[in-house]
Amino acid sequence: MSLNIDDIKVLKGSDGSLGWPVAVKDRVAYHLFKESGKNNASDLPNVAVTFLWTMRDAVIPRLDKENLAIATNFYTPSGLTGMLRNILGNPYIRYIIMLGEEYSSKSGDGTAKSDEGVELTSANALRAFFEKGIDENRKVPGFENSVYIDKNIPTEMVMKVKDNVKLIDLNKDMPDASFEEKIEKANDLIRMLERKEPFIEQPYTFEYEKSKVAMQYEGGPLVVHCSTIPETWVEIIHNIYRYGKDNLMNAETDRWIKEINNMVAVIHDPQNIDLSYNPFLVPLTNEKIEAYKKEILSPILPEGKAYTYGNKLRAYYYPSAEEIKELVSSKEYKDFEFGQGSHLDANLIYKKNKLGKECCEIDQLQDMIEVLKRDPKSKNVVAITWHAQDELMRKHKSSPCLVFLQALIHDEKLNLFVFFRSHDMTQGWPENAYGCAAIQKRIADEIGVKPGILTITSGSAHIYNHYYQQVEDTLAKFRKQKIDYNDARGNYVIEVKDNNIVLTHVDKESNQELERFEGKTALDIGLKISHVGQIYKTDHAIYLGRELQKAEHALKFRKKYEQDVELGL
């Protein structure tokens, strides 16, 4: 069987552009049409390589390209659908070599497991698919909640990939080998594997499932207030899925998302780590949360990682030690705000960079703590992760999503405000939230106050299209309708007296009167409340409207009105 190479080259991807790969193009590190001049079908490579969580720069330059069709990371189990689309678009691919780091963190501690005890990693999803395929419900056994196969890809085609493409698992076959040895083995395989014909007679592309039409809303930020991190996450996902606009991750991608700009999550009890309510697509464990907390509080940069938030916050790189030394020794700096003291450069480490030049690393987290110890009212307690020479001047890079955080003491509690420029709300946000809560607690404990509110603003808060069905299923299961009139802005007492409806706004704790509204009708009172913008919760507003209408009816027909008691006929 032989295919026309032009049939592969002119395939249409989800972004409308022509050419293979047809899916997640911007995330592919290497593909045969990107760098090679192959123009004959007989030359088309058979081999794909995935290196999971390992940095592409550590792999791509070292791979033999002669029989290499595509090489890419594979971060989460949901990547299976993109893999299927690209293989069915180029059925010359007959082998996938898998190697590299299987966990987002080096330890992998606490990774969620299936009912059979299998860790829910992308590597295990690949293993499960090539061993078992998909079941009658089009699910990968063991990964029912973390992998969704688009309905437009026929089951028959999915199983053709499973049956005709061989997974070569170097991590499993060479458990004690070094990364270098695995790269060497991969190159041997790329050169020596038997060349095979395509497994289907033509390349295929498939339509994508359409997302639900976004509901209208006022635009701009949406604000969610909840008690715990899991409760907040459910409300965030509901709002994005309901109101989010269809968008692309960037102009050169085919990754569609639903997006809200500046989604604001206000978590009132962020230190609560009770996971009995565990709605996340991949359930979190206490071990996983603790491992992530450890990483985000550590200045250490693990080998093979471009950055961690902990490294950026606790070992922030500044290229010139000389400039810092000159600054901290200047009279102006010593005299400014705090006066002289050993704290001036206590949170700096002077060291040599790779070129032998003296540089320094700044522990921003410790600096925040010490500033608040000296001045609990300070508004200068901030930390950043971006570097001008890297992120600001090279926006094509994969820069840290967490950009900025600020700590403020309010009502004798430590509130933390965090800004993420771009946020995968299904997979990334939950761990990030627990990590931010750990930073908040560390600062609060060190300065001797209780942690307060954690506010996380996500500049681009998005849900990837391959999660839409899982999001619908999750919301149906975990977001239950409930009546809750508890309003942080206060309670209301409604009375009918002196031929008027009287609504008294009272303090939630002391019951002290805060303000009073009077009128003859429910509309009179409602307009007055609306004008001051006092009601926050929709269900509380509906309750007040109902009670005010009862009070108007009682006044009109000379009946006795009692709040929360049905009127007599």
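First residue of the sequence shown: 2, per our numbering; consecutive thereafter. In this text, a Cβ means the ideal position worked out from N, Cα and C, and glycines have one as well. This one's a predicted model, so the numbers in the text were calculated from it and none came from an experiment.
- For Q564, there is no enclosing beta strand (DSSP E), as DSSP marks it with neither H nor E.
- By a beta-carbon distance limit of 8 Å, L349 does not contact L314. Their separation comes to about 14 Å.
- By the criterion of at least three beta-carbon pairs nearer than 8 Å, the stretch 544 to 556 is in contact with the stretch 499 to 516.
- Here the alpha carbon of L4 sits roughly 18 Å from the alpha carbon of Y96.
- Taking 8 Å as the cut-off, the beta carbon of L417 is found closer than this to the beta carbon of L455.
- With respect to the C-alpha of I385, the residue from M394, M369, K378 and R86 having the closest C-alpha is M369.
- Here S79 really is in contact with H467; their C-beta atoms are around 5 Å apart, less than 8 Å.
- Beyond the five residues adjoining it in sequence on each side, D136 comes within less than 8 Å, by CB distance, of P142 in the same chain, given in chain order.
- The beta-bridge partner set that DSSP reports for K353 consists of E359.
- The DSSP-derived three-state label of G520 is strand.
- One thing to note: I297 has its Cβ no nearer than 8 Å to the Cβ of Y308.
- With a cutoff of 8 Å on beta-carbon distance, H388 and D425 are scored as not near each other.
- According to DSSP, residue pairing for F405 in a beta bridge involves I385 and F420.
- Residue burial is scored here from C-beta neighbours: I9 has at least 16 other C-beta atoms within 10 angstroms and is therefore classed as buried.
- Three or more beta-carbon pairs separated by less than 8 Å link the stretch 535 to 543 to the stretch 486 to 496, which places the two stretches in contact.
- Cβ atoms of T73 and S123 stay farther apart than 8 Å, at about 11 Å.
- Secondary structure note for W257: it is in no alpha helix (DSSP H), and the uninterrupted beta strand (DSSP E) holding it is W257 to I268.
- Cβ-Cβ distances below 6 Å link G453 to K414, L415 and N416 in the same chain, with the five nearest sequence neighbours on each side left out; the list follows chain order.
- Counted as a single uninterrupted DSSP element, the beta strand (DSSP E) harbouring P452 occupies residues K451 to Y465.
- D376 is not bridged by DSSP to any residue.
- Selection S423, Q564 and I241 evaluated against E548 yields Q564 as nearest (Cα-Cα).
- Between Y319 and C361 a beta carbon distance of about 5 Å is seen, short of the 8 Å cut, so the two are scored as contacting.
- Under the DSSP definition of a beta bridge, L168 partners with I97.
- The beta-carbon distance between Y209 and N153, rounded to whole angstroms, is 7 Å. This is short enough to meet the 8 Å contact definition.
- Per DSSP, reduced to three states, the secondary structure at N240 is helical.
- Using a 10 angstroms sphere on the CB of Y351, the tally of other CB atoms stays under 16, which defines it as exposed.
- Here the stretch 224 to 233 does not lie against the stretch 23 to 36, with fewer than 3 beta-carbon pairs under 8 Å apart.
- With a cutoff of 8 Å on beta-carbon distance, I201 and K173 are scored as not near each other.
- By the C-beta density criterion, G83 is buried, having at least 16 other C-beta atoms within 10 angstroms.
- Classified as exposed, A347 has fewer than 16 neighbouring CB atoms from the shown chains inside 10 Å of its CB.
- Annotated three-state conformation of D368 is helix, per DSSP.
- Counting only unbroken stretches of 3 or more residues, the beta strand (DSSP E) elements lying wholly within the stretch 154 to 213 are 167 to 170, in sequence order.
- P271 is a Cβ neighbour of Q441, given a cutoff of 8 Å.
- Between L64 and K183, the C-beta gap is not smaller than 8 Å, which leaves the two residues out of contact.
- If you compare the alpha carbons of D44, L393, V267 and L127 with that of A434, the shortest gap goes to V267.
- As DSSP reads the structure, K13 sits in a beta bridge with L19.
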